[in-house]
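Undergrad: Those protein sequences? They're chains A and B, same order as listed.
Numbering-wise, my numbering puts 31 at position 50 of the first sequence, and it's gapless, one number per residue.
Numbering-wise, my numbering puts 144 at position 85 of the second sequence, and it's gapless, one number per residue.
First, the structure itself, so that you have it in front of you.
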Amino acid sequence: MTTTTAARPVAKPATMAQALGRAMRDAMAEDPTVHVMGEDVGTLGGVFRITDGLAKEFGDDRCTDTPLAEAGILGAAVGMAMYGLRPVVEMQFDAFAYPAFEQLISHVAKMRNRTRGAMPLPITIRVPYGGGIGGVEHHCDSSEAYYVATPGLTVVTPATVEDAYGLLRASIASDDPVIFLEPKRLYWSKADWSPETPAAVPGIGKALVRRAGTSATLITYGPSLPVCLEAAEAAREEGWDLEVVDLRSLVPFDEETVVASVRRTGRAVVVHEAGGFGGPGAEIAARVTERCFHHLEAPVLRVTGFDIPYPPPMLEKHHLPGVDRILDTVARLQWEN
Amino acid sequence: MTVQELPGAGASHRFTPPAWSPRTDAAPLLPDPEPYRVLGTPAADGLDPELMRRCYAELVRGRRYNAQATALTKQGRLAVYPSTVGQEACEIAAAMVLEERDWLFPSYRDTLAAVARGLDPVQALTLLRGDWHTGYDPREHRIAPLSTPLATQLPHAVGLAHAARLRGDDVVALAMVGDGGTSEGDFHEAMNFAAVWQAPVVFLVQNNGFAISVPLAKQTAAPTLAHKAVGYGMPGRLVDGNDIAAMHEVLSEAVRRARSGGGPTMIEAVTYRMEAHTNADDATRYRSDAEVEAWKAHDPVALLERELTARGLLDAEGIQAAKDAADAMAAALRDGMNADPVLDPMDLFAHVYEEQTDRLREQAEMLRAELEAGNE
Ligand SMILES: Cc1ncc(C[n+]2csc(CCOP(=O)(O)OP(=O)(O)O)c2C)c(N)n1
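So this is what it looks like as structure tokens:
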């Protein structure tokens, strides 16, 4: 952008859902090998309307309603990628991606490796995940632990409108398969945003300090980011000045940003909706402990969903990490031997 | 209880569903009642001598390849080898009917098909030797990596064929699977996708009687596996998998159909696995010697040799020439396998991601340090 006379694009209120749709639209317009596919993504525009208008603009061959079969969708995407296309696959809901796990783990994640780099698979797998929307059983799982435990997959999750666009564009452009976790309860979150604004956010693999602070670091991602920011505001009254780090990318994991923050603050809490045992927070806490042991004033604590199957909607508020639980945990950081 | 009697169901709610048009031509999709045969039937009069002599040479080479690979297992050079003795006609015909631009999607058992397609036998066997998972560039040979999880390669074949068609290329994908693999969900999903998309795919099911130890009768209640095609809306062909002339004809027809936009075909080749599942398997636990003996009489190599000799299309000289070529291949395979592969442990980290992650870089450094310490 060299011209100074051109009017700056006006940022208007946009939802995360719109930013995601726009990311696919722009990628499809720029690159004819980008294909969107999944259940109901065509005429309906997806059950969350994220792919709204794509079939109309690019035709059924570029935005395809597939038969209802997740292994088939992802398996076909593998073959399409083998032939030089860049499939963007929508899994309708977190828990409905499970039938595709065999394809995901045995082939998608391993193809580059087993062919010694000869056959990378540029597939983006969009998974609406997480709770907080009053969804019935099998519609609210936080399945990120399965993905991050699978070598070969890149796992990202946006928490802001700008990131939804930027990270999805980066995922589609990546030559590695990317699990793109969409926090479905943030689909309708809004921000003043314009896709024409040059991306101010970094790409895959960088964490961002969303709020600077000095007393402790909250390490989080996706649906828990707004909760953590709210908790940080509330903590001011208690005399705590909390830093909030948004991971944005679980694999690769930006250890440097996290470590630098915790070394500054000396205290850390990891927050996510997924269950705690074997969850991403366990890994992060271990890494922070390994790297920051002498800087820590207290053990690294975690606020996570309970280790239970996702609860029925009327009980989910007890399960999801909320502001109070985060503040109670922060209070426990005043560690005494 | 009729709809009208249901509480709350009023006549005003009567609704005519929109027209649904099922395929009206189900009959032509139905498989033959008996496996299709050419050798030993009047249909053999129409055989192309040149093609059949090539088939013969390939069959003899294939048999020799199986014998050599099995011997390499006994010498500890291969970790494991799933033999295709008895199934050579299927493996070879599958490779022969494809053009260079077409793609083959083999299962772990189908190294012979890959070799018949022109892949170096050593490269075809690296998975089983254990030095690398895929010993060749799939794009260069248009042979997908050998798939170990059953039937999972089938949706890939569909996707690739579909992509080729979207790009305007008349490329066909041929995917191979065993009888046991037809019970997997991926088989169903691939067949359904292929039919709905009218993808240029040929599914070749080698029904060799067993999935490790489980006989076909415990695998399916369908009259034949070929019947399964009908429900998806594609033709199912039942063919004698030991008859290379029949295999070549039926596969060629399916490839032609796919290439010209006629959609997918599923072929069940009825054959028999003469040897155990692998060297780790004890076949006497689940089948009788008598059964194996009976199949020997229907050996694919002998079947063609008999036909060609009787018709004066093959003589002792031709037989010897095929044998010599096979021996040369076996010698090269032996040499290639007796040379220890040169492996670089640092390769472990080389192809996980396009760009090394910090985590992997750290682990690679750890291994490098261990290696250096070990070398002192
Ligand atoms: C998904 C999956 N389940 C189990 C196995 C273990 N396994 C390897 S071969 C085999 C039998 C396969 O039989 P079939 O499909 O008839 O092929 P064949 O071995 O006869 O060629 C089994 C169960 C596997 N490879 N993949």
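C-beta atoms are modelled at their ideal positions from N, C-alpha and C, and glycine is treated no differently.
Note that the structure is predicted; figures quoted are calculated from it, not measured.
Measuring only between beta-carbons, confirm whether G169 (chain B) sits less than 8 Å from chain A.
TA: Checking the sequence shown, residue 169 (chain B) turns out to be Asp, not Gly. The beta-carbon of D169 (chain B) is placed no less than 8 Å from the nearest beta-carbon of chain A.
Undergrad: Under 8 Å between the Cβ atoms of V137 (chain A) and I185 (chain A)?
TA: yes
Undergrad: If we count the other Cβ atoms within 10 Å of its Cβ and call it buried at 16 or more, is N397 (chain B) buried or exposed?
TA: exposed
Undergrad: When the Cα of H299 (chain A) is compared with those of A:G115, A:T246, A:A151, A:L149, which residue comes out closest?
TA: A:G115
Undergrad: Taking 8 Å as the cut-off, does the segment 127 to 135 of chain B touch the segment 308 to 322 of chain B (at least 3 CB pairs, one atom from each stretch)?
TA: No, the segment 308 to 322 of chain B does not touch the segment 127 to 135 of chain B.
Undergrad: Is D238 (chain B) near ligand 1, in the sense that its beta carbon is under 7 Å from a heavy atom of that ligand?
TA: Within the chosen limit of 7 Å, ligand 1 reaches the beta carbon of D238 (chain B) through at least one heavy atom.
Undergrad: Between the Cα of T207 (chain B) and the Cα atoms of B:P165, B:G218, B:Q182, which residue gives the shortest distance?
TA: B:P165
Undergrad: Whose Cβ in chain A lies nearer than 9 Å to the Cβ of D196 (chain B)?
TA: T96, R97, A99, M100
Undergrad: Strictly under 8 Å for the Cβ-Cβ distance: is L184 (chain B) near chain A by that measure?
TA: no
Undergrad: Which of the three DSSP states is assigned to L426 (chain B) in this structure?
TA: helix
Undergrad: What is the C-beta distance between L178 (chain B) and H192 (chain B), in whole angstroms, given that I count them as a contact (C-beta under 8 Å)?
TA: With 8 Å as the limit, L178 (chain B) and H192 (chain B) do not qualify as a contact, their Cβ atoms being about 15 Å apart.
Undergrad: Given T(-14) (chain A), which residues of its chain have a CB within under 7 Å of its CB, disregarding the five upstream and five downstream residues?
TA: Reliability fails at T(-14) (chain A), whose pLDDT of 46 lies under 50, so the model's placement of it is uncertain and the value that follows must be treated cautiously. Contacts found: none.
Undergrad: Check the C-beta distance from T283 (chain B) over to L297 (chain B) and give it rounded, since I have them as a contact under 8 Å.
TA: 5 Å
Undergrad: What would DSSP say about P292 (chain A), mapped onto helix, strand or coil?
TA: If DSSP states are grouped into helix, strand and coil, P292 (chain A) belongs with coil.
Undergrad: Between R112 (chain B) and Y64 (chain A), what straight-line distance do the alpha-carbon atoms span, to the nearest angstrom?
TA: 34 Å
Undergrad: Quick check: what's the CA-CA separation for V311 (chain A) versus P233 (chain A)?
TA: One C-alpha to the other measures close to 27 Å.
Undergrad: Looking only at C-alpha atoms, which of B:I202, B:G292, B:L137 sits nearest to A153 (chain B)?
TA: Comparing alpha-carbon positions, the option among B:I202, B:G292, B:L137 lying closest to A153 (chain B) turns out to be B:I202.
Undergrad: Tell me, please, which residues DSSP counts as bridged to N266 (chain B).
TA: B:V329
Undergrad: In chain B, which residues lie less than 8 Å from F234 (chain A) when you measure between Cβ atoms?
TA: Under the 8 Å cutoff, chain B gives T416, D417, R418.
Undergrad: Do you know offhand how far A253 (chain B)'s Cα is from V217 (chain B)'s?
TA: Straight-line measurement puts the Cα of V217 (chain B) at about 6 Å from the Cα of A253 (chain B).
Undergrad: Of the residues A:K37, A:G256, A:P176, which one's Cα is nearest the Cα of G111 (chain A)?
TA: A:G256
Undergrad: Please report the distance separating the alpha-carbon of E64 (chain B) from that of T75 (chain B).
TA: Low confidence applies to E64 (chain B): its pLDDT is 48, below 50, so where it sits in the model is not reliable, and the reading given next is rough at best. About 18 Å.
Undergrad: Cutting at 7 Å between CB atoms, please list the residues of its own chain near A62 (chain A), excluding the five before and the five after it.
TA: P68, L102, P103, I104
Undergrad: A216 (chain B) touches chain A at which residues, Cβ-Cβ below 7 Å?
TA: G60
Undergrad: Does chain A have any CB closer than 8 Å to the CB of W191 (chain B)?
TA: yes
Undergrad: Would a C-beta distance cut-off of 8 Å place N267 (chain B) and T170 (chain B) closer than the cut-off?
TA: no
Undergrad: Spatial neighbours of E352 (chain B) within its chain, please: CB distance less than 8 Å, with the 5 preceding and 5 following residues excluded, ordered by chain position.
TA: none
Undergrad: Starting from H253 (chain A), follow the beta strand (DSSP E) in both directions and report where the run begins and ends.
TA: For H253 (chain A), the enclosing beta strand (DSSP E) starts and ends at 249 to 256.
Undergrad: Give the list of continuous beta strand (DSSP E) stretches no shorter than 3 residues that lie fully inside the segment 212 to 242 of chain A.
TA: 223 to 227, 230 to 232
Undergrad: Buried or exposed: V(-9) (chain A), going by 16 or more other Cβ atoms within 10 Å of its Cβ?
TA: Here V(-9) (chain A) is exposed: its Cβ has fewer than 16 other Cβ atoms, across all protein chains shown, within 10 Å.
Undergrad: D42 (chain A) versus chain B: which residues are under 8 Å apart at the beta carbon?
TA: L225
Undergrad: Sort B:Y115, B:E159, B:G295, B:R122 by Cα distance to D229 (chain B) and report the nearest one.
TA: B:E159
Undergrad: Count the other CB atoms, across all protein chains shown, that sit within 10 Å of the CB of E317 (chain A); report buried if there are 16 or more and exposed otherwise.
TA: exposed
Undergrad: If you reduce the DSSP assignment to three classes, tell me which class A44 (chain A) lands in.
TA: Before going further, note that residue 44 (chain A) is Cys rather than Ala in the sequence given. Three-state result, C44 (chain A): strand.
Undergrad: Pull up the CB-CB distance for I303 (chain B) and I151 (chain B), whole angstroms please, since I reckon it's below 8 Å.
TA: 7 Å
Undergrad: How about H247 (chain B): is its Cβ closer than 7 Å to a heavy atom in ligand 1?
TA: no
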